[in-house]
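This is the structure in structure tokens:
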């Protein structure tokens with residue numbers, strides 16, 4: 037009887053914990069979709085639910101667990117994909133640190149994949165311990181990236197039908213210092229379409245003048261928008277900003293108080309733009325304009341690194357909490373032996 041009661045508790049407890057985590061994740065996401073922490077709550081909820089369903093023997097529930105077991109093969113496939121994508125980026129885009137991110141990430145993964153078995157075969161306990169610590173920290177970053185990427189894909193669908201009284205289109209670099217690029221055209225087109233679909237009264241075009249540009253991005257955007265059907269009396273220019281946070285802060289001064297809006301940017305930038313809008317107090321959700329498929333992986337890695345940089349102290353502390361105790365125990369064991 038005691039054994040039976042224990043089994044029931046062991047069966048029910050994970051379900052209760054899973055339900056609580058799901059309730060927290062959904063409540064937080066519904067109340068404020070722009071919270072980046074929603075990503076981690078939702079990923080943990082999915083993992084707990086998958087494990088709970090597998091424990092109950094629900095058919096098909098082990099699919100995600102199989103993917104987790106196959107993680108090494110998935111990492112290898114991801115490595116090949118990133119390297120090939122990096123080569124395509126080099127052929128189609130100018131050489132820059134941002135455009136090399138997928139290639140560099142792929143090559144970095146190759147180094148880890150190649151070094152791991154070599155270090156293990158060496159039999160050197162210090163090297164094996166160091167490898168273990170590195171893999172734990174990479175696991176933390178991998179969890180964080182999967183959560184970020186997943187929520188970046190989910191977020192636009194959560195806010196697709198939110199009302200908007202105005203639309204802010206974020207600028208990007210100009211071609212030859214004066215003309216909008218295809219990427220920027222895509223943002224403006226989506227901004228105009230969303231303004232029409234949501235009945236917004238204002239179209240704010242936001243972007244200052246870069247050091248290599250003949251005029252502000254906002255002026256070039258306004259010219260293109262009006263030439264392509266935007267009502268001139270509804271177009272507002274914000275031409276002082278130098279980065280996304282300034283885009284949003286300065287645009288907030290141009291829109292009516294006590295109103296809701298929409299930010300339009302490229303699809304890879306949507307989630308970060310939304311979180312920055314929350315940071316500066318701009319009451320707006322975000323929507324993404326389509327981007328060339330080959331460009332997306334490097335752009336998403338860049339966005340992820342930007343998010344890490346914006347919260348570097350938090351992540352440094354968390355990585356220390358995750359890896360520190362394990363490292364200390366491992367080193368203590370090595371010294372004792």
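Numbering (my numbering), first residue to last: 37 to 373. By construction, the Cβ of each residue, glycine as well, lies at the ideal position given by its N, Cα and C atoms. All of these numbers come straight from a predicted model, not from anything done at the bench.
Compute the Euclidean distance between the alpha carbons of residue i and residue j, then round it to the nearest angstrom.
i           : j           : result
residue 223 : residue 362 : 47 Å
residue 82  : residue 352 : 25 Å
residue 120 : residue 113 : 11 Å
residue 233 : residue 125 : 34 Å
residue 309 : residue 354 : 24 Å
residue 359 : residue 166 : 11 Å
residue 251 : residue 268 : 19 Å
residue 228 : residue 324 : 13 Å
residue 265 : residue 335 : 30 Å
residue 210 : residue 157 : 53 Å
residue 208 : residue 70  : 22 Å
residue 38  : residue 50  : Caution is warranted here: a pLDDT of 46 is assigned to residue 38, below 50, making its placement in the model unreliable, and the coordinate value is therefore given only provisionally. C-alpha separation (whole angstroms): 19 Å.
residue 285 : residue 214 : 24 Å
residue 263 : residue 271 : 12 Å
residue 199 : residue 230 : 10 Å
residue 170 : residue 176 : 10 Å
residue 240 : residue 290 : 8 Å
residue 319 : residue 365 : 48 Å
residue 128 : residue 63  : 43 Å
residue 189 : residue 42  : 41 Å
residue 111 : residue 341 : 19 Å
residue 161 : residue 328 : 46 Å
residue 312 : residue 151 : 39 Å
residue 52  : residue 90  : 15 Å
residue 275 : residue 247 : 13 Å
residue 56  : residue 48  : 12 Å
residue 174 : residue 130 : 29 Å
Within its chain, find whatever has a CB closer than 7 Å to the CB of residue i; leave out the 5 residues flanking it on each side and keep chain order.
i           : result
residue 201 : 236, 237, 292, 295, 296, 297
residue 187 : 74, 75, 78, 307
residue 326 : 222, 303
residue 141 : 118, 337
residue 277 : 242, 243, 244, 283, 286
residue 191 : 69, 306, 307, 310
residue 138 : 118, 121, 122, 125, 333, 334, 337
residue 357 : none
Taking residue i and residue j to be in contact with their CB atoms under 8 Å, please state how far apart those CB atoms are, rounded to whole angstroms.
i           : j           : result
residue 316 : residue 281 : 6 Å
residue 300 : residue 204 : 7 Å
residue 273 : residue 256 : Actually they do not touch by this definition, with Cβ atoms about 10 Å apart.
residue 145 : residue 122 : In fact, because the Cβ distance is near 12 Å, the residues do not count as touching under 8 Å.
residue 206 : residue 243 : 7 Å
residue 226 : residue 260 : No, residue 226 and residue 260 are not in contact; Cβ-Cβ is about 13 Å, not under 8 Å.
residue 155 : residue 164 : 6 Å
Terminal residues of the continuous beta strand (DSSP E) containing residue i?
i           : result
residue 301 : 297-302
residue 282 : First-last for residue 282: 280-288, but that is the alpha helix (DSSP H), not the beta strand (DSSP E).
residue 324 : 320-325
residue 177 : Unbroken run through residue 177 is the alpha helix (DSSP H), 161-194; no beta strand (DSSP E).
residue 239 : 238-242
residue 72  : Neither: residue 72 is in no beta strand (DSSP E) and is coded neither H nor E.
residue 27  : Only positions 37 to 373 of the chain appear in the structure, and residue 27 is not among them; the question remains open.
residue 206 : 202-206
Assign residue i to buried or exposed, taking buried as 16 or more other Cβ atoms, counted over all protein chains shown, within 10 Å of its Cβ.
i           : result
residue 287 : buried
residue 306 : buried
residue 180 : buried
residue 245 : buried
residue 115 : buried
residue 333 : buried
residue 283 : buried
residue 67  : exposed
residue 253 : buried
Between which two residues does the alpha helix (DSSP H) containing residue i stretch?
i           : result
residue 346 : 332-346
residue 226 : 218-234
residue 274 : From DSSP, residue 274 is part of no alpha helix (DSSP H) but of the beta strand (DSSP E) over 271-274.
residue 312 : 306-316
residue 140 : 137-158
residue 261 : 253-263
Sorted by chain position, which residues of the same chain lie with C-beta nearer than 8 Å to residue i's C-beta, five sequence neighbours on each side aside?
i           : result
residue 182 : 79
residue 65  : 71, 74, 77, 78, 194
residue 314 : 68, 70, 71
Among residues of its own chain, excluding the 5 on either side of residue i, which ones have a beta-carbon nearer than 6 Å to its beta-carbon?
i           : result
residue 58  : 81
residue 185 : none
residue 220 : 208
residue 54  : 84, 85, 88
residue 61  : 77, 78, 81
residue 330 : 124
residue 249 : 210, 213
residue 343 : none
residue 322 : 299, 306, 309, 310
Within 8 Å: the Cβ of residue i and any heavy atom of the ligand ZN?
i           : result
residue 312 : The ligand content of the structure shown is nil, which means the ligand ZN is not present either.
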